[in-house]
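Participant: Residue numbers (our numbering), protein chains in the order written: chain A, 1 to 424; chain B, 1001 to 1424. Idealized CB from N, CA, C, for every residue including glycine. Please read all numbers here as calculations on a predicted model, not as lab measurements.
Protein chains: 2
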Amino acid sequence: MARVVVGMLGLGTVGTGVVRLLNDHKAVTLKRVAVRDLRKERTLVPRCAITDKAEDVVEDPEIEVLIEVMGGEHPALELIVKALESRKHVVTANKEVLAKHGPDLFKLAREKEVAIFFEASVAGGIPLISTIQKGLEANQIESVRGILNGTTNFILSDMEQQGETFNQALAKAQKLGFAEADPTSDVEGFDVAYKVSILSALAYGNFVKPDDIYRRGITHVDAADLKHAREFGYRIKLIGRAERTNGGVAARVEPCLVPLDHPLASVSGSMNGIVVTGHAVGELTLVGPGAGELPTASAVVGDVINLASALKLQDFASYFHGEIGVDWQSVVSADQWISPYYIRLEVEDHPGVIGRIGSIFGANQVSIQSIIQRGVAEQGASIVILTQPVAAGQVDKAMEMMKSEDFLVKVGTCLAIFEGRNGS
Amino acid sequence: MARVVVGMLGLGTVGTGVVRLLNDHKAVTLKRVAVRDLRKERTLVPRCAITDKAEDVVEDPEIEVLIEVMGGEHPALELIVKALESRKHVVTANKEVLAKHGPDLFKLAREKEVAIFFEASVAGGIPLISTIQKGLEANQIESVRGILNGTTNFILSDMEQQGETFNQALAKAQKLGFAEADPTSDVEGFDVAYKVSILSALAYGNFVKPDDIYRRGITHVDAADLKHAREFGYRIKLIGRAERTNGGVAARVEPCLVPLDHPLASVSGSMNGIVVTGHAVGELTLVGPGAGELPTASAVVGDVINLASALKLQDFASYFHGEIGVDWQSVVSADQWISPYYIRLEVEDHPGVIGRIGSIFGANQVSIQSIIQRGVAEQGASIVILTQPVAAGQVDKAMEMMKSEDFLVKVGTCLAIFEGRNGS
């Protein structure tokens, strides 16, 4: 392997893992690391210069590759731009910067004839980029879908296994260090949306603007829904997806019912799982740790090593460019999205309700696959409906019409059902 | 992508898929295909020369890349050798030729400065080679383990779900076209052993001689064991593995109990699943179709495209050689293999039997984790034992000693228990 001199921004969990792994790779010389706070106590002190001035790393002319693992939009964006401008290659784990500024960054990289590698920005240690770009080279990618956030997967697994409410499971995740004090980015699906934008770039060439991604978090998932889903043979997972449909590319983040016999259903706790569907290969599922010190560092250092091997190729630039485009990916409107749905309605328990519900769905072209009454209690009953595949907009219209009915106590939940291709 | 002229040996299931996929790739020109029987009716006739003289393909000087999808050891071996000698690159799906002759072939390829690509030889469409060689570049591979044969996985799934005997499930698999008329290579584990040899080459640099691989098939797996395993929280799968142990590399094929909460347990029917464990990334599981026309062709054509891109690199040879060695991988002796075990004994039901069994295990340094009596019947009882991790040789000794006991009707089954690394 060619020798390469690298610098790094950030020495948190991932950065520490990178130092640990690079200690074993004599051909990669880590020259400088920039940190926010020089006085912070550290479990591992790198054997190189440490500075609190990020510019010292970005402006060092000897550094060929910049590793950015500081996270957050600013000042990471400005530092990456500066590195690219001075013709350094960049290896980044920063999903937010890529999702919000990917096209500009890749345009700049192309102008400067340098590369941006970003395996660690999606699904931590799971090698997704090598899989799509090399392993599935013969395929047109139909969809990339999966469980891309360990925090929400831990919460949903815990709610299902312990019968806890969302708030109870969130508190537990925070106590165990699986959720941040402010969990918004995870539980509202922003983190997954950034990753969906990157998946779109990998599968279809262009990033999707995060604001263009249909996004629903898990805060409204009720323990009752986990129980009903289980009875019907499903488990609820927060699914992010970039998917080619008849109308164009769809980009979505939402809790879905996943069939128990699909490999994604057994992705529990803080693991990640991704299903890549190619026109030739069919469904390929990858399951592994989506975060953590060494798994994420494994992706960062893998990028550095692959980059170092590639740097010695004469026509390096032409070999690596052209995979990622410099425009935003347009997406189909969310209400055109077609899926079977799971719907729970809370109703007053009197005769004729099921008939009325059926009529309202019918009037909106929603075909029902099954409709079952559950848990009659003082307050009424839960009606659980599974639909045939239908446009999301039609379901919304039916729900709107439902709200004006006397019998309705409330629309409980409305969740898409995940469809596997290979049999499940 | 660079233009490349290819020839192909074989036009069976996989070959037909290759023709189909190459039709979409204008940059790859399929010039000649050799078949065994020119008169055979075909669903897809390639738009190129078809011959029943394989030499016409191998000797065509314009052909740069030879695709070998004819299968079997001879004459595939001789034709591959001839192609390498005339400096053609080879893309092959032939696990048997690689496992039996890998070192010689890679030595010849290195001398001639050409490459052998073989993604399709293991686990069909699952892109394992790009994952290990590129995606997990920063990792030392601790083990590669998995379900590598769809026929036996179908049979075991069917036995478990339908409560059938091995023979009933085999007959069904044959009827459905999932098993050959002579199923020996699949059910006795030869097919998996070839793949284990290749996994060893990928993970540790050298092929293992198929005869050096510890191998047991599934013909002795009893429906009762599937049921007991389920009660203890396991499912029985035929597992092939290449694994680094304290003593060296272990290479094994055998039915194992896989914990139900491990992603491999949900790999059902004719699917394949592989767990790669790296020192940094932890466990990564890949699940997908291990056979079939388009999935396997996806791997073959992916190799052709990646090869074509790489061919335009100036230092192509140095970029691709050195990954696979030219010596045989030595392996540790099978009786030093350490694993927890599941053991079923058929015994006469009288007092003191469990105590006596415990003593025999103890005398052979086998620690018992649990011992349970099941299904008392006229003929006696089944005793099911789960052990702590122990050397296989000690278990063999205990079983040998058990055979001289009056109470023993027979040693039912003795199966290793699969241990996951990430929690399960």
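Applying the criterion that 16 or more other CB atoms from any shown protein chain within 10 Å of the CB defines a buried residue, is histidine 89 of chain A buried or exposed?
Facilitator: Within the first sequence, residue 89 of chain A is the residue found at index 89, counting from 1. Counting Cβ neighbours within 10 Å, histidine 89 of chain A comes out buried, since at least 16 surround it.
Participant: Going along the chain, which residues of its own chain have a beta-carbon closer than 7 Å to the beta-carbon of glycine 115 of chain A, five neighbours each way excluded?
Facilitator: Taking the first residue of the first sequence as 1, we reach residue 115 of chain A at position 115. Residue identity check: residue 115 of chain A is alanine in the sequence provided, not glycine. These residues qualify, in order along the chain: His89, Ala109, Leu307, Phe320.
Participant: What residue from B/Leu1136, B/Tyr1234, B/Glu1078 has the CA that sits closest to glycine 1282 of chain B's CA?
Facilitator: As a working note, residue 1282 of chain B is residue 282 in the second sequence. With distances taken between Cα atoms, glycine 1282 of chain B lies closest to B/Leu1136.
Participant: Would you say asparagine 1153 of chain B reaches chain A, if we count a Cβ-Cβ gap shorter than 9 Å as a contact?
Facilitator: If you number the second sequence from 1, residue 1153 of chain B lands on position 153. So no, asparagine 1153 of chain B is outside the interface.
Participant: Should the segment 1232-1242 of chain B be regarded as contacting the segment 1092-1110 of chain B, the criterion being three or more beta carbon pairs within less than 8 Å?
Facilitator: No, because fewer than three Cβ pairs between the segment 1232-1242 of chain B and the segment 1092-1110 of chain B fall closer than 8 Å, the two stretches do not touch.
Participant: Could you check what DSSP says for lysine 1410 of chain B in three-state terms: helix, strand or coil?
Facilitator: As a working note, residue 1410 of chain B is residue 410 in the second sequence. Strand at lysine 1410 of chain B.
Participant: Got a sec: does the ligand PLP put a non-hydrogen atom nearer than 8 Å to the Cβ of valine 1301 of chain B?
Facilitator: The ligand PLP is absent from the structure shown, which contains no ligands of any kind.
Participant: If we count the other Cβ atoms within 10 Å of its Cβ and call it buried at 16 or more, is glycine 423 of chain A buried or exposed?
Facilitator: Taking the first residue of the first sequence as 1, we reach residue 423 of chain A at position 423. Note that glycine 423 of chain A scores a pLDDT of 41, beneath 50, so its modelled location is shaky and nothing firm can be said.
Participant: Chain A partners of alanine 1427 of chain B, CB-CB under 7 Å?
Facilitator: Residue 1427 of chain B falls outside the range modelled here, since chain B spans only 1001 to 1424, and no answer is possible.
Participant: Do leucine 260 of chain A and tyrosine 234 of chain A count as a contact pair if the criterion is CB distance below 9 Å?
Facilitator: The residue you call residue 234 of chain A lines up with position 234 of the first sequence. The residue you call residue 260 of chain A lines up with position 260 of the first sequence. In this structure, leucine 260 of chain A lies closer than 9 Å to tyrosine 234 of chain A by Cβ.
Participant: Taking serine 268 of chain A as the query, report the chain B residues whose CB atoms sit under 8 Å from its CB, ordered along the chain.
Facilitator: Residue 268 of chain A sits at position 268 when you count from the first residue of the first sequence. Residues of chain B passing the Cβ test: Asp1261.
Participant: Name the two residues that bound the continuous beta strand (DSSP E) containing lysine 31 of chain A.
Facilitator: Against the first sequence, residue 31 of chain A aligns to sequence position 31. Element bounds for lysine 31 of chain A: 28-34.
Participant: For valine 300 of chain A, tell me which candidate among A/Lys175, A/Val69, A/Arg47, A/Ser266 has the shortest Cα-Cα distance.
Facilitator: In the first sequence, the residue the question calls residue 300 of chain A occupies position 300. Ranking the options by Cα distance to valine 300 of chain A, first place goes to A/Val69.
Participant: From phenylalanine 418 of chain A to glycine 1290 of chain B, what does the alpha carbon distance come to, in whole angstroms?
Facilitator: By one-based count along the first sequence, residue 418 of chain A stands at place 418. By one-based count along the second sequence, residue 1290 of chain B stands at place 290. Their backbone Cα atoms lie some 23 Å apart in a straight line.
Participant: Given a threshold of 16 other Cβ atoms within 10 Å of its Cβ, counted over all protein chains shown, does alanine 1027 of chain B qualify as buried or as exposed?
Facilitator: Your numbering for residue 1027 of chain B matches position 27 in the second sequence. It is exposed - the Cβ of alanine 1027 of chain B has fewer than 16 other Cβ atoms within 10 Å.
Participant: Alpha carbon to alpha carbon, how far is alanine 310 of chain A from leucine 284 of chain A?
Facilitator: On the first sequence, residue 310 of chain A is found 310 positions in, with the first residue counted as 1. On the first sequence, residue 284 of chain A is found 284 positions in, with the first residue counted as 1. Cα-Cα distance, rounded: 27 Å.
Participant: Going along the chain, which unbroken runs of the alpha helix (DSSP H) with 4 or more residues stay wholly within the segment 147-183 of chain A?
Facilitator: Runs found: 150-162, 166-175.
Participant: Excluding sequence positions up to five away, which residues of its chain have a Cβ less than 6 Å from the Cβ of glutamate 1231 of chain B?
Facilitator: To locate residue 1231 of chain B, count along the second sequence from 1; it is residue 231. Same-chain partners within the cutoff: there are none.
Participant: For threonine 16 of chain A, which of A/Val4, A/Arg47, A/Val5, A/Val384 has the nearest alpha-carbon?
Facilitator: Here residue 16 of chain A refers to the residue found at position 16 when the first sequence is read from its first residue. Answer by Cα proximity: A/Arg47.
Participant: Can you pull the chain B neighbours of serine 197 of chain A, defined as C-beta to C-beta under 9 Å?
Facilitator: As a position in the first sequence, residue 197 of chain A is number 197, starting the count at 1. In chain order: nothing, as chain B lies at least about 21 Å away.
Participant: Quick one, which of A/Asn139, A/Met401, A/Leu148, A/Ile357 has its alpha-carbon nearest leucine 1021 of chain B's?
Facilitator: Numbered from its first residue, the second sequence carries residue 1021 of chain B at position 21. Checking every option, the nearest Cα to that of leucine 1021 of chain B belongs to A/Asn139.
Participant: Could you work out which residues of chain A lie near isoleucine 1305 of chain B, taking near to mean beta carbons separated by less than 8 Å?
Facilitator: Here residue 1305 of chain B corresponds to residue number 305 of the second sequence, with the count starting at 1. Near isoleucine 1305 of chain B (Cβ distances below 8 Å), the residues of chain A are Glu137, Ala138.
Participant: Compile a chain-ordered list of the residues in the segment 272-286 of chain A whose CB is closer than 7 Å to at least one CB of chain B.
Facilitator: Per Cβ criterion, the list reads Gly278, Ala280, Val281, Gly282, Glu283, Leu284, Thr285, Leu286.
Participant: Have a look at A/Val267, A/Gly302, A/Leu38, A/Ala265 and flag the residue whose alpha-carbon is nearest the alpha-carbon of leucine 11 of chain A.
Facilitator: Mapped onto the first sequence, residue 11 of chain A falls at position 11. Cα-wise, what sits closest to leucine 11 of chain A is A/Leu38.
Participant: Among residues of its own chain, excluding the 5 on either side of glutamate 1073 of chain B, which ones have a beta-carbon nearer than 7 Å to its beta-carbon?
Facilitator: As a first step, residue 1073 of chain B is located in the second sequence; it is residue number 73 there, counting from the start. Contacts found: Glu1096, Val1097, Lys1100.
Participant: Taking 9 Å as the cut-off, decide whether the C-beta atoms of valine 81 of chain A and leucine 9 of chain A are in contact.
Facilitator: Here residue 81 of chain A is taken as the residue at index 81 of the first sequence, counted from 1. Here residue 9 of chain A is taken as the residue at index 9 of the first sequence, counted from 1. In this structure, leucine 9 of chain A does not lie closer than 9 Å to valine 81 of chain A by Cβ.
Participant: Quick one: list the residues of chain B neighbouring proline 295 of chain A, beta-carbon separation under 8 Å, in chain order.
Facilitator: Translated into the one-based positions of the first sequence, residue 295 of chain A becomes position 295. Simply Ala1280, Val1281, Gly1282.
Participant: At a CB-CB cut-off below 9 Å, which residues of chain B make contact with isoleucine 126 of chain A?
Facilitator: Here residue 126 of chain A is taken as the residue at index 126 of the first sequence, counted from 1. Result: Gly1135, Val1281, Leu1284.
Participant: What residue range is occupied by the uninterrupted beta strand (DSSP E) comprising asparagine 272 of chain A?
Facilitator: Against the first sequence, residue 272 of chain A aligns to sequence position 272. Start and end: 271-278.
Participant: Determine the chain E residues that contact serine 1130 of chain B at a beta-carbon separation under 7 Å, and present them in chain order.
Facilitator: Looking at the structure shown, chain E is missing, and the protein chains on hand are A and B.
Participant: What are the residues of the segment 1020-1044 of chain B that lie near chain A, defined by any Cβ-Cβ distance shorter than 7 Å?
Facilitator: Per Cβ criterion, the list reads Leu1021.
Participant: Quick check on DSSP: helix, strand or coil for alanine 334 of chain A?
Facilitator: The sequence position of residue 334 of chain A within the first sequence is 334, counting from 1. The answer is helix: DSSP assigns alanine 334 of chain A an H, G or I state.
Participant: Whole angstroms is fine: what's the gap from glycine 325 of chain A's alpha carbon to glycine 125 of chain A's?
Facilitator: Within the first sequence, numbered from 1, the residue matching residue 325 of chain A stands at position 325. Within the first sequence, numbered from 1, the residue matching residue 125 of chain A stands at position 125. For glycine 325 of chain A and glycine 125 of chain A, the distance between alpha carbons rounds to 24 Å.
Participant: Near leucine 1084 of chain B, which residues of its chain fall below 8 Å by C-beta distance, leaving aside the five closest residues on each side in sequence?
Facilitator: By 1-based counting over the second sequence, the position of residue 1084 of chain B is 84. Around leucine 1084 of chain B: Val1090, Leu1105, Leu1108, Ala1109, Lys1112, Val1114, Ile1116.
Participant: If glutamine 1133 of chain B and valine 1249 of chain B are in contact, beta carbons under 8 Å, what's the gap, nearest whole angstrom?
Facilitator: Taking the second sequence and counting its residues from 1, one reaches residue 1133 of chain B at position 133. Taking the second sequence and counting its residues from 1, one reaches residue 1249 of chain B at position 249. Wrong, their Cβ atoms sit about 18 Å apart, outside the cutoff.
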